[in-house]
Amino acid sequence: MNKKLIIIKSLAIALMCTSLSCGKLDLLKNEQPEAIDAGANLRGMTIADFIKMDHSTDLTNLNLYGEVIKKAGLEDFLNQPEDYTVLLLTNQAVTNMVGSLGYTNLNDVPAIVLRNIVSDQIFKGRLRSFDLAIGETKKFETINGSFIYYTRSNTSSDEYVLTANNSTDLTSPSARIRSQNLEFKNGVAHVTDQFTFYKLKDAVPDAPSGSVGAQTDVINVAKDVYIQNGTANRNKNFNNATAIEMKNSNGKDVSVDRMGLFQFPLTTPSFGNKIGLAKINFYVFFTGLPSSLTAYAGADTDFDETTVTWTTAPTYDRVSLANISLAAGQTGWITMDVTSLVNQLYGSNKTFLNILMNHNNDNFVRIYPREFSAGSFKAYLSISSPPATILTFGNATPLNVIAKDGFAKLTTTQLKMNGADDKNISYIVNKLPTNGYFVKYGIPLPVNGSFSQADLTAGAIKYLYSGTGNADEIILEAKDNNGGFYNTPIKITVNIQ
3 MNKKLIIIKS LAIALMCTSL SCGKLDLLKN EQPEAIDAGA NLRGMTIADF
53 IKMDHSTDLT NLNLYGEVIK KAGLEDFLNQ PEDYTVLLLT NQAVTNMVGS
103 LGYTNLNDVP AIVLRNIVSD QIFKGRLRSF DLAIGETKKF ETINGSFIYY
153 TRSNTSSDEY VLTANNSTDL TSPSARIRSQ NLEFKNGVAH VTDQFTFYKL
203 KDAVPDAPSG SVGAQTDVIN VAKDVYIQNG TANRNKNFNN ATAIEMKNSN
253 GKDVSVDRMG LFQFPLTTPS FGNKIGLAKI NFYVFFTGLP SSLTAYAGAD
303 TDFDETTVTW TTAPTYDRVS LANISLAAGQ TGWITMDVTS LVNQLYGSNK
353 TFLNILMNHN NDNFVRIYPR EFSAGSFKAY LSISSPPATI LTFGNATPLN
403 VIAKDGFAKL TTTQLKMNGA DDKNISYIVN KLPTNGYFVK YGIPLPVNGS
453 FSQADLTAGA IKYLYSGTGN ADEIILEAKD NNGGFYNTPI KITVNIQ
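The structure is reproduced here in structure tokens:
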């Protein structure tokens with residue numbers, strides 16, 4: 003038998019083992035012992051060997067991931083004999099990853115940024131779906147010092163449903179495994195169509211206390227609607243005057259998935275261009291099960307609320323903008339802090355803010371639209387001028403980066419303000435480094451991007467070294483939860499060693 007044809011056949015058998023109907027034995031069918039000589043199947047090759055194959059014409063859709071691994075400089079790592087478990091991204095997932103990193107094309111993404119984010123999807127040891135009990139979730143430390151979660155669940159037809167990063171600890175999107183338990187001689191791989199990464203829930207700052215600025219402007223929502231997925235619904239418009247519905251099946255049945263879509267005009271603030279606080283406010287009138295409600299920044303694309311659909315809606319950043327927990331049955335006004343994004347949009351002279359919103363379980367959350375009850379419950383954006391700050395200076399010391407490591411975490415050892423709890427202290431990026439990249443959970447921060455002191459404590463903030471230069475600097479502004487800015491910028495010097 004032709005050896006090349008045997009290899010293709012064995013790969014096809016392996017990749018046919020999806021979450022649709024695989025039992026424990028089916029999951030291991032990535033070889034044909036009676037027909038293949040040793041080494042001519044997945045178990046006879048390394049993960050790197052498989053990734054480097056030409057996948058441009060097969061059904062795996064992994065050719066872009068091969069480019070990612072090559073550019074990230076991880077081919078040799080995935081060719082070594084130690085066992086690793088790797089999450090392989092299809093072309094669709096790679097495209098989503100590139101967009102989430104803030105780029106348009108894969109070629110534009112810096113190698114160190116790719117290496118950092120992909121390394122967070124690789125950990126030492128082998129994990130197969132049948133190593134987990136039904137309902138069990140395990141957390142694994144990745145080769146980059148971050149974490150990834152794997153969960154096994156079941157349906158009426160499949161007892162081996164495997165999902166990455168489906169955890170209540172996280173606000174990053176989970177990823178259902180399309181093809182699982184691909185056994186290689188140096189590890190195991192799982193394939194997904196969805197990009198996922200490790201991002202803990204943001205620490206929600208306390209409500210402002212005392213002075214919150216001399217003036218607050220209120221900007222009412224201009225457009226609001228919900229969009230629905232599924233073959234029968236993704237091209238339908240669901241604009242109505244009674245409810246904006248949100249529901250999330252977490253990949254089990256996309257036909258029921260619904261997201262809220264809102265647009266707020268960005269009128270010139272009456273108090274000048276320095277914004278202390280910006281918050282979106284909306285009225286929840288139905289919450290089924292306890293939920294974590296998450297807001298995402300929509301693309302700077304206008305839409306018509308009377309015709310927009312799931313297919314035509316603005317795309318959105320998979321990195322969550324804000325989140326809040328809702329109790330079962332909770333109703334009333336809900337507020338989310340969007341100060342960082344609003345500052346970025348005003349700084350770029352944008353004229354509107356698009357928000358997309360969903361939650362984390364298969365049950366309804368409903369918000370009143372602007373038309374209901376003559377607008378009594380319409381959503382609005384509130385922006386306030388900054389008051390005097392409650393912060394005092396703590397420390398700002400150099401960050402030392404080992405060149406061969408390629409990155410270092412920024413923690414409260416190097417940067418710390420006093421006067422408020424960590425969750426109530428945020429930092430706004432005034433100047434980005436020139437010889438590297440400044441990231442939060444692997445996603446590059448832009449000018450006017452922000453992070454909290456709680457993020458520093460959680461190890462979420464990194465400097466990634468691009469490979470040139472021996473020094474760098476980052477300039478930040480510190481702000482408290484009332485919107486007050488510390489009076490002078492803070493410079494963090496970066497020493498490359």
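Plus 2 on top of the position in the sequence shown (first one is 1) and you've got the working numbering. We put the CB at the ideal spot given by N, CA and C, even for glycine.
query, result
"For Asn432 and Tyr467, which I take to be in contact (beta-carbon distance under 8 Å), what is that distance rounded to the nearest angstrom?", "Their Cβ separation, rounded to whole angstroms, is 21 Å, which puts Asn432 and Tyr467 out of contact at 8 Å."
"By DSSP, does Ile494 sit in helix, in strand, or in coil?", "strand"
"Where DSSP assigns a beta bridge to Trp312, which residues make up the other side?", "For Trp312, which the question treats as bridged, DSSP gives no partner whatsoever."
"The beta strand (DSSP E) with Ser452 in it runs from where to where?", "Ser452 to Ser454"
"Looking at Val206 and Ile277, is the spacing between their C-beta atoms short of 8 Å?", "no"
"What is the residue span of the alpha helix (DSSP H) that Asn93 lies within?", "Asn93 to Ser102"
"Could you check whether Leu401 and Tyr465 sit closer than 8 Å to each other, using their CB atoms as the reference points?", "yes"
"Rounded to whole angstroms, what is the Cα-Cα separation between Ala135 and Pro389?", "53 Å"
"Using CA coordinates, which residue listed in Gly46, Ser148, Val223 and Asp160 is at the minimum distance from Phe379?", "Val223"
"Tell me which residues share the same chain as Glu307 and place their Cβ nearer than 6 Å to its Cβ, disregarding the 5 neighbours each side in the sequence.", "Lys225, Val227 and Asn241"
"Check whether the Cβ atoms of Gly232 and Ile246 sit closer than 8 Å, and answer yes or no.", "no"
"Label Asn118 either buried or exposed according to how many other C-beta atoms from any shown protein chain fall within 10 Å of its C-beta, with 16 as the threshold for buried.", "buried"
"Ignore the nearest five residues each way along the sequence and tell me which others in Asn81's own chain have a CB closer than 6 Å to its CB.", "Thr48 and Ala50"
"With 16 other CB atoms within 10 Å as the buried threshold, where does Ser387 fall?", "buried"
"Three or more C-beta pairs under 8 Å: does that hold for the segment 50 to 60 against the segment 194 to 211?", "no"
"Could you tell me if the beta carbon of Gly485 falls within a distance shorter than 7 Å of some heavy atom in the ligand MG?", "Only the bare structure without any ligand can be found here, which leaves the ligand MG out of the picture."
"From the DSSP output, in three-state form, read off Lys187 for me.", "coil"
"Between the beta-carbon of Leu268 and the beta-carbon of Leu355, is there less than 8 Å?", "yes"
"Mapping DSSP to helix, strand and coil, what is Ser387?", "coil"
"According to the neighbour-count rule (16 or more other Cβ atoms, all chains shown, within 10 Å of its Cβ), is Ile494 buried or exposed?", "buried"
"Would you call the segment 277 to 286 and the segment 325 to 336 touching, i.e. three or more CB-CB distances under 8 Å?", "yes"
"Just tell me which of Tyr152, Phe409 and Leu129 has its CA closest to the CA of Glu138.", "Tyr152"
"Considering only DSSP beta bridges, list what Ala177 is partnered with.", "Ala166"
"Threshold first: 3 residues or longer. Then list the beta strand (DSSP E) segments lying entirely within the segment 392 to 427, N to C.", "394 to 398, 401 to 403, 409 to 411 and 417 to 420"
"Tell me where the beta strand (DSSP E) around Arg260 begins and ends.", "Arg260 to Pro267"
"Assuming Ala243 contacts Phe374 (C-beta within less than 8 Å), just tell me the rounded distance between them.", "6 Å"
"Going by C-alpha to C-alpha distance, which of Leu91, Asn472 and Thr289 sits closest to Asn65?", "Leu91"
"Do Ala460 and Leu393 have their CB atoms nearer than 8 Å?", "no"
"Please classify Leu61: is it buried, with 16 or more other beta-carbons within 10 angstroms of its beta-carbon, or exposed?", "exposed"
"Alpha carbon to alpha carbon, what distance is there between Asp122 and Asn363?", "25 Å"
"Going by other Cβ atoms of all chains shown within 10 Å of its Cβ, with 16 needed for buried, is Lys141 buried or exposed?", "exposed"
"Once DSSP output is grouped into helix, strand and coil, what is the label at Asn489?", "coil"
"Could you pull out every residue in the same chain whose Cβ sits closer than 8 Å to the Cβ of Val256, ignoring the five residues on either side in sequence?", "Asn231 and Gly232"
"I need the boundaries of the alpha helix (DSSP H) containing Arg128, first residue and last residue.", "From DSSP, Arg128 is part of no alpha helix (DSSP H); its letter is neither H nor E."
"Using only the alpha-carbon positions, how far apart do Ala113 and Ser158 sit?", "43 Å"
"Am I right that Thr311 and Ile427 are in contact with their C-beta atoms under 8 Å? What's the rounded C-beta distance?", "In fact, because the Cβ distance is near 41 Å, the residues do not count as touching under 8 Å."
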